[in-house]
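Residue numbers (the numbering used here): 35 to 448.
The beta-carbon is built from N, C-alpha and C at its ideal position, and this holds for glycine as well.
Given the structure is predicted, the values throughout are model-derived calculations rather than measurements.
Right, one structure below, let's go through it.
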Amino acid sequence: MSAFGYRDGVLCAESVPLPEIAERHGTPCYVYSRAALLERFGAFRGALAGRDALVCYAVKANSNLAILNLFAREGAGFDIVSGGELARVIAAGGDPAKVVFSGVGKTAAEMRQALSAGISCFNVESAAELERLDEVAGSLGLRAPVALRVNPNVDPKTHPYISTGLRSNKFGVACEDALPLYLRARALRHVEIAGIACHIGSQLLDPAPAAEAADKILSLADRLAAEGIALRHLDLGGGLGIRYHDETPPTVKEYFAPLLARLAGRGEKLLVEPGRALVGNSGVLLTRIEYLKHGAEKNFAIVDAAMNDLIRPALYDAWHDILPVRSRQIDAPLYEVVGPVCESGDFLGHGRRLGVEAGDLLAVMSAGAYGMAQSSNYNSRPRAAEVVVDGEQSFVVREREQVEQLFAGEHVLP
Ligand code: LLP
35 MSAFGYRDGV LCAESVPLPE IAERHGTPCY VYSRAALLER FGAFRGALAG
85 RDALVCYAVK ANSNLAILNL FAREGAGFDI VSGGELARVI AAGGDPAKVV
135 FSGVGKTAAE MRQALSAGIS CFNVESAAEL ERLDEVAGSL GLRAPVALRV
185 NPNVDPKTHP YISTGLRSNK FGVACEDALP LYLRARALRH VEIAGIACHI
235 GSQLLDPAPA AEAADKILSL ADRLAAEGIA LRHLDLGGGL GIRYHDETPP
285 TVKEYFAPLL ARLAGRGEKL LVEPGRALVG NSGVLLTRIE YLKHGAEKNF
335 AIVDAAMNDL IRPALYDAWH DILPVRSRQI DAPLYEVVGP VCESGDFLGH
385 GRRLGVEAGD LLAVMSAGAY GMAQSSNYNS RPRAAEVVVD GEQSFVVRER
435 EQVEQLFAGE HVLP
C-alpha cells in the first residue's frame, strides 16, 4: 500500500492533496499517513502472529507523541535509548512495562528514572554498566531486569555508520564475554536476568545476516540454559530495511521466516525493535522551491527545507526520491536539490530530473524515519511542523517552532 500517490496530477497524502497541507500548515513540513503507520504495524503483528511476541517500536526513528500514541494504542512496546525517550513514551500513553532500554551510555539518573517507571528490561551493553545498574537498583531497593546485548560480530552489509553488530563497533558485549557476564549478573543481588538482546544494524536488505546473528544468540541461550540460567525473552532487535530508490527489501514476513523457523519449539517470548520499517515510508517532507538557478555546469533547485530538516543525504549520502507535487508538461532539466544552509553538503538530492517552476512544491519521499528525529536548528532555523493525515483530514501533531523558542534559554553576560 502506498499512502502517497497522484490524483488528477496532484500528489496526495491519503485523500488530502499536498498543496492543501502546504497552504494550511506552511513548508517545510513533515506529513505522515495514519493509515500507512497502522498498516506497517499490522504487517509486523501479522508476521509474528501465533508466537508470543512483542513489537517494541524503536522510538529514535520518529519520536513524535502522536506516532508513539498510535502505536501504544495498537499494543506496542517501545525500544528507548535515553531518559528523554522514556519521558516521551510515558507522555504518549505508552506502557513502561513494555519498554526496553538500549544504549551504551546510560547514566545513573536515567537508570533511576527507568527503574522507578518500572520498565521491562535494560539491554546492558558492558560489564561496567551491569555493575552500575546493580548499584543504582540497590540504592532504590529494587531489582533491575536485564538482558545482555550481545555483539555477534556479523556483517549486516549496510552503511558503515549504521552497522552495529561488528566487533569493531562500540555496541554490546562480545559473544565470548557473554557467558561470564551472565554468571556475574546471576551473582549480583539487585539485577534479575530476563533475556538476551542483539541488534546488528539498520536498513538491512538481506535476511541472512540477521539469521546468522540469531543462530549465535540461540546457541548462547542454550549454553546459558545448561548453566541453569533460563531466559524469559529473546530480543532480536530492529533493522529491516525499506525501499528508498530501487532496493528490494524483504517483506516483513520474508524477513522473519528464517528467524521464526529457528525459534520453532522454543518457549521464550520474542521481542523485536523495528523503527524504519514502521515509519520510513509512512512520511514525506514537503518543501517549496524558492528559486531556480541555472548554471553552466549545474542547475540548482533551492528549496525551503535543508540539511537541518533532513540530514540523511548529507550524513550517509542517502537517496530519497524527490517528486514534484504537481506534474507539469515542461522541459525537465537535471537539478541539484539544495537548501539554504551555508554548506555545500546541504543537499537533498543530486541530479534529479524535475519539470518544475519556482514556487512549486516538492515531496521528499521516505522521510518518516530519522528525518524529524535527527533535525536540528543549524543556521537558527526553526524546526518544521509535523502533520498526520487521516483520510480526508489533517492534524498538526507538532507545531512549527518559533524563532524566539530557539534562544529562549540563552542569557547574555552581566
Ligand atoms: N534497536 C536498536 C538497539 C538500534 O540501535 C536501532 C537503530 C533500532 C533498534 C532500530 O533500527 P531500524 O529498525 O530503524 O533499522 N539514523 C540512521 C539510522 C540509525 C539506526 C540506529 N539504530 C539513518 O537515518 O539511516
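Under DSSP, the beta-bridge partners assigned to V430 are V421.
With respect to the C-alpha of A392, the residue from Y91, E324 and T285 having the closest C-alpha is E324. Within the chosen limit of 7 Å, the ligand LLP reaches the beta carbon of T198 through at least one heavy atom. Three or more Cβ pairs closer than 8 Å define a contact, and the segment 323-338 falls short of that threshold against the segment 114-133. For E73, the uninterrupted alpha helix (DSSP H) run begins and ends at R68 to A81, by DSSP. Here the distance from the Cβ of L274 to the nearest heavy atom of the ligand LLP is below 7 Å.
F135: member of the beta strand (DSSP E) spanning V133 to F135, first to last residue. Taking C-beta atoms under 8 Å as the contact rule, A81 and E48 fail to qualify, at a distance of about 24 Å. According to DSSP, residue pairing for I230 in a beta bridge involves L182 and L268. Counting only residues of its own chain and dropping the five nearest sequence neighbours on each side, G402 has a CB closer than 7 Å to the CB of Y66, N96, V313, G314, N315, S316 and G317. The segment 289-301 makes no contact with the segment 357-369: fewer than 3 CB pairs, one atom from each, lie closer than 8 Å.
Sixteen is the threshold: since fewer than 16 other Cβ atoms of the shown chains lie within 10 Å of the Cβ of F429, the residue is exposed. Counting only the Cα atoms, G127 lies some 12 Å from N98. A residue is called buried when at least 16 other Cβ atoms come within 10 angstroms of its Cβ; P283 meets this threshold and is buried. Collapsing the DSSP output to three states places P448 in coil. Separation of R257 and G139 (C-alpha to C-alpha, rounded to the nearest whole angstrom) is 28 Å. Remark: C-beta atoms of M406 and E420 approach each other more closely than 8 Å. If you draw a straight line from the Cα of Y216 to the Cα of A106, it comes to about 32 Å.
Under the DSSP assignment, L312 falls in the alpha helix (DSSP H) whose first and last residues are R310 to V313.
Here R107 carries a helix assignment [DSSP, helix/strand/coil]. Your pair F156 and P179 checks out as a contact, with CB atoms roughly 7 Å apart and the cut at 8 Å. In terms of Cβ geometry, R79 and A311 do not form a close pair [threshold 8 Å]. The closest heavy atom of the ligand LLP lies less than 7 Å from the beta carbon of K94. With respect to the C-alpha of A143, the residue from L440, A260 and E169 having the closest C-alpha is E169. In this structure, the beta-carbon distance from T192 to G137 does not fall below 8 Å. Put simply, the backbone Cα of D280 is about 11 Å away from that of H354. In the structure shown, L88 falls within a strand segment according to DSSP collapsed to helix, strand and coil. Here DSSP, grouped into helix, strand and coil, assigns C63 to strand. With fewer than three CB-CB distances shorter than 8 Å, the segment 245-255 does not count as touching the segment 38-53. Counting every other CB atom within 10 Å of its CB across the protein chains shown gives S409 a total of 16 or more, marking it as buried. Nearest to C209 by C-alpha distance, out of L174, I230, L320 and G329, is I230. Under the DSSP assignment, C155 falls in the beta strand (DSSP E) whose first and last residues are C155 to V158. R85 is the residue among A259, R85 and V123 whose C-alpha sits nearest the C-alpha of G299. The beta carbons of L319 and P62 sit closer together than 8 Å. Taking C-beta atoms under 8 Å as the contact rule, L268 and A260 fail to qualify, at a distance of about 16 Å.
With 16 or more other CB atoms across the displayed protein chains lying within 10 angstroms of its CB, E119 is buried.
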